[in-house]
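Have a look at the structure below before the remarks.
There are 2 protein chains.
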Amino acid sequence: MAKTHYSRFDCQPGCSVEAAVSLISGKWKCVVLWYLLEEGTLRFNELRRRINTITPRMLTHQLRELEADGLIHREVHAQVPPKVEYSLTARGRELTPILMALKAWGDAHIDLFGSKGTAGKPFTTASGEQK
Amino acid sequence: MAKTHYSRFDCQPGCSVEAAVSLISGKWKCVVLWYLLEEGTLRFNELRRRINTITPRMLTHQLRELEADGLIHREVHAQVPPKVEYSLTARGRELTPILMALKAWGDAHIDLFGSKGTAGKPFTTASGEQK
DNA sequence: CATCACGGTATCCTTTTTGATACTACTGGC
DNA sequence: GCCAGTAGTATCAAAAAGGATACCGTGATG
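The listed protein sequences derive, respectively, from chains A and B. Going by our numbering, 44 is the number at position 20 of the first sequence; the sequence numbering is gapless. Going by our numbering, 72 is the number at position 48 of the second sequence; the sequence numbering is gapless.
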């Protein structure tokens with residue numbers, strides 16, 4: 025193996041866990057990943073409308089990071105008006121068990137959020153507030 | 025259901041995932057959790073020595089957040105010199121499948137780290153650098 | 001008497017992350 | 001001619017996170 029890379033043996037236990045978490049820990053990243061997991065392919069403004077409080081700047085930023093980390097694919101169609109589609113890569117789809125486990129845990133311990141602790145308050149949403 | 029709490033129906037899909045991730049996304053948090061998972065109970069300086077580049081300030085900070093979020097238990101023994109033991113709570117132990125899945129994913133996609141993308145470089149460690 | 005280990009604090013500073021607001025080029029429909 | 005929708009940028013500001021360094025009281029050890 026290349027010496028410039030690190031192998032799993034170079035670092036202490038928990039290091040790869042930390043590394044993996046760091047890829048999905050930006051604000052809205054999990055929400056984006058979850059939508060892409062559920063709906064397959066979404067355009068920029070489709071995501072934006074689903075996460076209605078996000079600013080375009082933040083959405084762009086998170087999408088670019090997810091793309092740089094190889095978790096999502098960005099496809100630009102050369103047309104006007106512009107059409108850019110986002111979808112999970114194979115690597116991104118491999119996060120599925122993690123996201124499911126996180127969701128299960130999150131739903132099970134939902135009483136934590138909003139009351140005490142360090143977690144931010146849940147946000148309201150375009151799809152959540154009308155019905 | 026109480027209006028002051030949120031139910032899983034108040035928020036969009038992915039919200040609970042995001043909430044769960046936010047609890048484990050501080051720097052070193054996963055490393056700490058992993059050590060506690062592996063070794064059961066550890067004292068402050070035991071953790072500190074294992075993660076040798078962490079400052080006491082950061083260790084304290086992360087431990088207090090994990091405690092506030094109900095993931096770890098902090099037990100102070102009234103003696104001198106002080107003895108403080110940290111261990112996972114039941115809730116913390118329920119993170120096991122998540123941490124395992126993250127480790128599996130991280131190890132499988134380890135080529136990502138250090139080269140490109142947004143992930144930080146892996147760190148060297150007390151236990152990793154001698155052999 | 002000085003030093004070490006214990007489990008932290010206090011203070012200051014830098015970096016990173018997030019947010020608010022305004023703006024772009026282009027085209028199709030009214 | 002004007003407005004809406006497309007996918008973003010640019011700029012500035014605020015807030016949060018992280019890092020460096022020094023320090024605390026206590027008690028045992030040398």
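Yeah, the Cβ is synthetic: ideal placement off N, Cα and C, and Gly gets one too.
Using DSSP with H/G/I as helix, E/B as strand and the rest coil, what is residue i?
| i | result |
| --- | --- |
| residue 78/B | coil |
| residue 51/A | coil |
| residue 62/A | helix |
| residue 57/B | helix |
| residue 133/B | coil |
| residue 118/A | coil |
| residue 148/B | Its pLDDT being 45, under 50, residue 148/B is placed unreliably in this model, and the value from its coordinates should be taken loosely. Of the three classes helix, strand and coil, the one that applies to residue 148/B here is coil, per DSSP. |
| residue 112/A | strand |
| residue 26/B | Any reading at residue 26/B must be qualified, since the residue scores a pLDDT of 28, below 50, and its modelled position is unreliable; the value itself is stated next. Coil, per DSSP. |
| residue 104/B | coil |
Go through its chain and collect everything with a Cβ distance to residue i's Cβ below 7 angstroms, but skip five positions before and after it.
| i | result |
| --- | --- |
| residue 100/A | 108 |
| residue 59/B | 66, 71 and 74 |
| residue 195/B | Look at the range of chain B in this structure, 25 to 155, and you will see that residue 195/B is not part of it. |
For residue i, which residues from the same chain have a beta carbon less than 8 angstroms from its beta carbon, with the 5 sequence-adjacent residues on both sides left out?
| i | result |
| --- | --- |
| residue 117/B | 61 |
| residue 115/B | 94 and 95 |
| residue 41/A | none |
Give me, in chain order, the residues of the same chain whose beta-carbon lies closer than 6 angstroms to that of residue i; leave out the 5 immediate sequence neighbours on both sides.
| i | result |
| --- | --- |
| residue 68/A | 108 |
| residue 91/B | 98 |
I think residue i touches residue j, with their Cβ atoms under 8 angstroms apart; what is that distance to the nearest whole Å?
| i | j | result |
| --- | --- | --- |
| residue 125/A | residue 121/B | 5 angstroms |
| residue 64/A | residue 111/A | 6 angstroms |
| residue 119/A | residue 129/B | 7 angstroms |
Counting pairs of Cβ atoms below 8 angstroms between the segment 41-58 of chain A and the segment 52-68 of chain B, do you hit three or more? Contact between the segment 41-58 of chain A and the segment 52-68 of chain B is present, because at least three Cβ pairs lie under 8 angstroms.
By the 9 angstroms beta-carbon criterion, what residues does the segment 39-65 of chain B contribute toward chain A? For chain A, the residues of the segment 39-65 of chain B that bring a beta carbon within less than 9 angstroms of one of its beta carbons are 39, 40, 41, 42, 43, 44, 45, 46, 47, 48, 49, 50, 51, 52, 53, 54, 55, 56, 57, 58, 59, 61 and 62, in chain order.
Against chain A: residues of the segment 123-138 of chain B by CB proximity under 7 angstroms: Cβ contacts with chain A: 123, 125, 126, 127, 129, 130, 131, 133, 134, 135, 136, 137 and 138.
At a CB distance below 7 angstroms, what residues from the segment 104-124 of chain A approach chain B? Give them in sequence order. Answer in chain order: 115, 118, 119, 121, 122 and 123.
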